[in-house]
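Asker: Taken in order, the sequence shown gives residues 821 to 1001; the numbers are from our numbering.
We put the beta carbon where it would ideally sit given N, CA and C, even for glycine.
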Amino acid sequence: MLELVSQKGYERRTEPFQLSSGQWSNDYIDGKRALADGKDLLLAAKCVIALARERGIEFDAVGGLTMGADHLSHAIAVAGGKRWFSVRKEAKGHGRQRLIEGADLSASDRVVVLDDVVTTGKSVLQAIDAIDDVGATTVLAVTLVDRGRAARAAMEARGTPYEPLLTFQDLGIEQVGGDSG
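1. Run through DSSP, which three-state label would Ser926 get?
2. Would you identify the three-state DSSP class for Arg908, choosing helix, strand or coil?
3. With respect to the beta strand (DSSP E) encompassing Ala881, which residues constitute its N-terminal and C-terminal limits?
4. Under the DSSP definition of a beta bridge, which residues are partnered with Ile920?
5. Count the other CB atoms, across all protein chains shown, that sit within 10 Å of the CB of Ser906; report buried if there are 16 or more and exposed otherwise.
6. Can you list, in chain order, the residues of its chain with a C-beta nearer than 7 Å to that of Thr987? Leave out the 5 residues immediately preceding and following it.
7. Taking 8 Å as the cut-off, decide whether the C-beta atoms of Ala870 and Lys902 are in contact.
8. Buried or exposed for Met975, going by 16 or more other Cβ atoms inside 10 Å?
9. Can Leu934 and Ile877 be called in contact, C-beta distance under 8 Å?
10. Please report the residue range of the alpha helix (DSSP H) in which Ile896 lies.
11. Only counting the same chain, and skipping five residues up and downstream in sequence, which positions put a Cβ closer than 7 Å to that of Ala897?
12. Where does Pro984 land, buried or exposed, given buried means 16+ other C-beta within 10 angstroms?
Given below as structure tokens:
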């Protein structure tokens, strides 16, 4: 995964840019671009499935906030025989007006929440809130890349097991957000 993300989804920019967290970085990581090839996406899906298996975590569905989680959740659903879902940032104003699309989650469902690249974990936590609202249980949060330490601290504070496939240390890039935990 390290070689794949480094070669296909990373670029060092001369000018800093603002992340969705509001923080700034020169290290641009594009998880969707890194996994745009089917074989790369399948590899990442198998890594997440193996990670859950190694931790003894069983799950019924996989997903997260759209767009960051969509590509990987679909691949895991296919490779692992699971259901997928996407969490909207806000419910649609028409149709079924749902916040969660795809699988109909219920209280009996154990879910893995995904995101591609995180700094603070805000998107993951937003997805977990939506999952909690329908009564399902988040058994694991997984990200492709974690830019710092804030997301882990946020997941630990929430009591959610958290595993990034890669960290800022793995990529040899600057941590975003300082030493927050």
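Answerer: Short version:
1. The residue labelled residue 926 in the question sits at position 106 within the sequence shown. In the three-state scheme derived from DSSP, where H, G and I count as helix and E and B as strand, Ser926 is classed as coil.
2. As a working note, residue 908 is residue 88 in the sequence shown. Coil at Arg908, not helix or strand.
3. In the sequence shown, counting from the first residue as 1, residue 881 sits at position 61. It spans Ala881 to Leu885 - the beta strand (DSSP E) in which Ala881 sits, taken as one unbroken run.
4. The residue you call residue 920 lines up with position 100 of the sequence shown. BP columns for Ile920 point to Val907.
5. Position 86 of the sequence shown, counting from 1, holds the residue named residue 906. It counts as buried.
6. Here the question's residue 987 lines up with position 167 in the sequence shown. Around Thr987: Asp966.
7. The count along the sequence shown starts at 1 and reaches residue 870 at position 50. The count along the sequence shown starts at 1 and reaches residue 902 at position 82. Remark: C-beta atoms of Ala870 and Lys902 do not approach each other more closely than 8 Å.
8. Here residue 975 refers to the residue found at position 155 when the sequence shown is read from its first residue. With 16 or more Cβ atoms within 10 Å of its Cβ, Met975 is classed as buried.
9. On the sequence shown, residue 934 is found 114 positions in, with the first residue counted as 1. On the sequence shown, residue 877 is found 57 positions in, with the first residue counted as 1. No, the Cβ-Cβ distance between Leu934 and Ile877 is not below 8 Å.
10. One-based indexing of the sequence shown puts residue 896 at position 76. Residues Asp890 to Gly900.
11. In the sequence shown, residue 897 corresponds to position 77, counting from 1. Excluding residues up to 5 positions away in sequence, Val882, Arg903 and Trp904 lie with their Cβ nearer than 7 Å to the Cβ of Ala897 in the same chain.
12. Here residue 984 refers to the residue found at position 164 of the sequence shown. With 16 or more other CB atoms across the displayed protein chains lying within 10 angstroms of its CB, Pro984 is buried.
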